[in-house]
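S.K.: Take this structure, written in structure tokens, and hold onto it; I'll ask about it next.
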Amino acid sequence: MPSVRRLDYHYMAMQIGFWAMFAAICAYQAALLTSRGFTNAQAGLLIAVRCLAGILCQPALGAFADRHPHIPLRRIVSLSLGVGLIAGVIFLLCPMGMAGTMVLLILMGGFEISSYPLMDAMAIQFIQRGVPIRYSLGRGVGSLAYALCCVALGFQVTAWGVESTLLTHALLTALEIGLVATYPPCPVEVQAAGTAAKPHSTVWLLRRNPSFALMLLAILLGITGCLPMSNFLVNVVTSRGGAAGDLGIALFLMAAFELPTAFFFQRLYRRLGGGRLLLLSMVFCLLKALALLLAPSLFFVYLAQPLQMLGYGLFTPTSVYYVNDSVPTEDQVKGQTLMMVASNGLGGVLGSLFAGSILDLGGADAMLGFCLACCAAAGLLAALALGLDRRRTPQSICRM
């Protein structure tokens, strides 16, 4: 077994690399596409297709990993990122029309986004064997890396233009492949395939575990309401008297307040369990939507950002541990992909589509009202899911 310190710091480095890479392609993708001559509507369609590709590819890649436990997860993740890297380099060197750009973005979105839950599973395998990897801290520093990378990209775009972000994305993807490929394999990965139970289908998993299925629905609604408060934060900032330049401060505060959760997460998890923490995170997402809706000025928008600590900041590590507690061992990777599809996948797509339309119709306050309603419904469904499975106890041991 590799040393705990190496596993811990190496995993944090992978989180930093992934979210910096993700920022390099996501933060300025709309500006990049419009600079290449696409209309706003075409750019929106291309971005949505990229997200949908990740949603469709994640379950397939997760099922492949479950069916082939003899293949180390680090190899699958490295190859997936490699496909994204090749597509990204072609995208950089060969600007194309609508059809060609869509194909490249499908490859980038499908394989880059799908690699993340498998990277999560690489750490969870060690945690299940009692290795005290500080998973939540890794997620926290990843969020901070995303925010800092967005700030750096702003200076880069000013100096060298928006096309330079694709070069940064390619370099960071290559770095992330190196980090993933050198991560020590867990002994679980090299067990003989015949000694492990066969994974079940997605339909079987959801039918046999109705509380898990209901919690996924709650999370879908919750993230549909939560992510627009980040993706369209610029509209909230400007509606409260700020300028577009004030967005950087708001985004930095939002990401920075996700980091403290990492230090006390395990203690909360041992005390409350995954289901209650997910309910708590939905409640704080609701409170943040309410605080932003009632904010009379930009200063109060800033004051609302600490609610991120127990909202989305609490959701990100809890969702992974919740799957670990709720899903059979042989279906762990599939469970993680389902969680990612329901949250940042479908939740992100639906939130962007609905929130964007509502912004055009009624402005920032109408969008925040939509977020408030989604989070309220998510809280009710999460409470119902807990009621279905009161006797469930954590199967994993979380350590500091």
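Each residue of the sequence shown is one higher than the last, beginning at 3 in my numbering. The beta carbon of each residue, even a glycine, is placed where N, CA and C say it ideally should be.
#1: From Gly144 to Cys151, what distance separates their C-alpha atoms?
#2: For Leu95, report the span of its alpha helix (DSSP H) as first-last.
#3: Does the Cβ of Phe372 have 16 or more other Cβ atoms within 10 Å, making it buried, or fewer, making it exposed?
#4: Does DSSP put Ala22 in a helix, in a strand, or in coil?
#5: Curious, which full-length alpha helix (DSSP H) runs of at least 4 residues does the segment 237-312 contain?
#6: What's the gap between the Cα of Met104 and the Cα of Leu48?
#7: May I ask you to verify whether the segment 208-224 touches the segment 124-142, counting CB pairs closer than 8 Å and requiring at least 3?
#8: For Pro201, which of Ala67, Ser80, Leu279 has the nearest alpha-carbon?
#9: In this structure, does DSSP put Ile135 in helix, strand or coil?
#10: Would you say the beta carbon of Gln130 comes nearer than 7 Å to a heavy atom of the ligand COA?
#11: Is Pro4 helix, strand or coil when you go by DSSP?
#12: Give the DSSP-derived three-state secondary structure of Pro319 in the structure shown.
#13: DSSP state of Leu229, grouped into three classes?
#14: Taking the straight line between their C-alpha atoms, what separation do you get for Gly180 and Asp367?
#15: Measure the alpha-carbon distance for Phe24 versus Tyr148 and round it to whole angstroms.
#16: Residue ranges of each alpha helix (DSSP H) run of no fewer than 4 residues wholly in the segment 34-69, ordered along the chain?
#17: Going by DSSP, what residue range makes up the alpha helix (DSSP H) through Val205?
#18: In the structure shown, what three-state DSSP assignment does Lys200 receive?
#19: Taking only runs of the alpha helix (DSSP H) that begin and end inside the segment 138-189, which ones reach a length of at least 4 residues, in chain order?
#20: In whole angstroms, give me the CA-to-CA distance for Arg38 and Gly86.
#21: For Phe317, collect the residues of the same chain with a Cβ closer than 6 Å to its Cβ; drop the 5 residues on either side in sequence, then sort them by chain order.
#22: Is it true that the segment 103-119 meets the segment 50-63, where meeting means three or more beta-carbon pairs spaced less than 8 Å apart?
#23: With Ile78 and Leu120 assumed to form a contact (beta carbons below 8 Å), what rounded beta-carbon distance in angstroms separates them?
#24: Compare the beta carbon distance of Tyr137 and Val322 with 8 Å and say whether it is the shorter of the two.
#25: With a cut-off of 8 Å, do at least 3 Cβ pairs link the segment 255-271 to the segment 202-216?
#26: At the level of alpha carbons, what is the spacing between Phe214 and Asp333?
#27: In whole angstroms, give me the CA-to-CA distance for Gly347 and Ala62.
#28: At which residues does the alpha helix (DSSP H) containing Asp333 begin and terminate?
#29: Among Val329, Ala33, Leu289, which residue has its Cα nearest to the Cα of Gly163?
#30: Take every Cβ of the segment 274-292, pair it with every Cβ of the segment 300-314, and state whether three or more of those distances are shorter than 8 Å.
#31: For Val153 versus Phe254, is the C-beta distance shorter than 8 Å?
#32: Considering only their Cβ atoms, is the gap separating Val351 from Leu50 smaller than 8 Å?
#33: Distance cutoff 8 Å, beta carbons only. Does Leu173 sit that close to anything in chain B?
#34: His72 by DSSP, collapsed to three states: which one?
#35: Short check: CB of Pro134 to CB of Val6, under 8 Å?
#36: Please check the pair Ala258 and Leu146, which I expect to be a contact at CB under 8 Å, by giving their CB distance rounded to whole angstroms.
M.R.: So, from the data block:
#1: The count along the sequence shown starts at 1 and reaches residue 144 at position 142. The count along the sequence shown starts at 1 and reaches residue 151 at position 149. Approximately 10 Å between the Cα atoms of the pair.
#2: For the purposes of this step, residue 95 is identified with residue 93 of the sequence shown, where counting begins at 1. Note, Leu95: alpha helix (DSSP H), 75-95.
#3: Numbered from its first residue, the sequence shown carries residue 372 at position 370. With 16 or more other Cβ atoms within 10 Å, it is buried.
#4: For the purposes of this step, residue 22 is taken as the residue at position 20 of the sequence shown. DSSP places Ala22 in helix when its eight states are reduced to three.
#5: 249-258, 263-274, 276-296, 300-306
#6: Here the question's residue 104 lines up with position 102 in the sequence shown. Here the question's residue 48 lines up with position 46 in the sequence shown. So the alpha carbons of these two residues sit roughly 6 Å apart.
#7: Counting C-beta pairs closer than 8 Å gives fewer than three between the segment 208-224 and the segment 124-142, which falls short of the contact rule.
#8: Residue mapping note: residue 201 aligns to position 199 of the sequence shown, counting from 1. That would be Ala67, whose Cα lies nearest to the Cα of Pro201.
#9: One-based indexing of the sequence shown puts residue 135 at position 133. Three-state DSSP puts Ile135 in coil, outside helix and strand.
#10: The ligand content of the structure shown is nil, which means the ligand COA is not present either.
#11: For this step, residue 4 is matched to residue 2 along the sequence shown. If DSSP states are grouped into helix, strand and coil, Pro4 belongs with coil.
#12: Numbered from 1 along the sequence shown, position 317 holds the residue referred to as residue 319. Pro319 falls in the helix class under three-state DSSP.
#13: On the sequence shown, position 227 is the one that residue 229 refers to. Coil at Leu229, not helix or strand.
#14: Reading the sequence shown from its first residue, position 178 is the one you call residue 180. Reading the sequence shown from its first residue, position 365 is the one you call residue 367. Cα to Cα, the separation comes out at about 44 Å.
#15: If you number the sequence shown from 1, residue 24 lands on position 22. If you number the sequence shown from 1, residue 148 lands on position 146. Cα to Cα, Phe24 sits roughly 8 Å from Tyr148.
#16: 42-69
#17: Here residue 205 corresponds to residue number 203 of the sequence shown, with the count starting at 1. Where Val205 is concerned, the enclosing alpha helix (DSSP H) stretches over 204-210.
#18: Here the question's residue 200 lines up with position 198 in the sequence shown. Coil.
#19: 166-183
#20: For the purposes of this step, residue 38 is taken as residue 36 along the sequence shown, with counting starting at 1. For the purposes of this step, residue 86 is taken as residue 84 along the sequence shown, with counting starting at 1. So the alpha carbons of these two residues sit roughly 20 Å apart.
#21: Reading the sequence shown from its first residue, position 315 is the one you call residue 317. Correct list, in chain order: Ser283.
#22: yes
#23: Mapped onto the sequence shown, residue 78 falls at position 76. Mapped onto the sequence shown, residue 120 falls at position 118. With 8 Å as the limit, Ile78 and Leu120 qualify as a contact, their Cβ atoms being about 6 Å apart.
#24: For the purposes of this step, residue 137 is taken as the residue at position 135 of the sequence shown. For the purposes of this step, residue 322 is taken as the residue at position 320 of the sequence shown. Going by C-beta atoms, Tyr137 is nearer than 8 Å to Val322.
#25: Not touching, per the Cβ criterion.
#26: Against the sequence shown, residue 214 aligns to sequence position 212. Against the sequence shown, residue 333 aligns to sequence position 331. Looking at the two C-alpha atoms, the distance is approximately 13 Å.
#27: The residue you call residue 347 lines up with position 345 of the sequence shown. The residue you call residue 62 lines up with position 60 of the sequence shown. When rounded, the distance between both Cα atoms is 14 Å.
#28: Residue numbering aside, residue 333 sits at position 331 when the sequence shown is read from its first letter. Where Asp333 is concerned, there is no enclosing alpha helix (DSSP H), given that its DSSP letter is neither H nor E.
#29: Walking along the sequence shown from the start, residue 163 turns up at place 161. It is Ala33 whose Cα lies nearest to the Cα of Gly163.
#30: yes
#31: Within the sequence shown, the letter at position 151 stands for residue 153. Within the sequence shown, the letter at position 252 stands for residue 254. It is a contact, given that the beta carbons lie within the stated cut-off.
#32: Taking the first residue of the sequence shown as position 1, residue 50 is located at position 48. Taking the first residue of the sequence shown as position 1, residue 351 is located at position 349. Contrary to the premise, residue 50 reads as Ala rather than Leu in this sequence. With contacts defined by Cβ atoms closer than 8 Å, Ala50 and Val351 form a contacting pair.
#33: Chain labels in this structure do not include chain B; a single protein chain is all it has.
#34: Your numbering for residue 72 matches position 70 in the sequence shown. Of the three classes helix, strand and coil, the one that applies to His72 here is coil, per DSSP.
#35: Taking the sequence shown and counting its residues from 1, the one referred to as residue 134 is at position 132. Taking the sequence shown and counting its residues from 1, the one referred to as residue 6 is at position 4. Yes, the Cβ-Cβ distance between Pro134 and Val6 is below 8 Å.
#36: As a first step, residue 258 must be located in the sequence shown, where it is residue number 256. As a first step, residue 146 must be located in the sequence shown, where it is residue number 144. That belief holds up - the Cβ atoms of Ala258 and Leu146 are roughly 6 Å apart, short of 8 Å.
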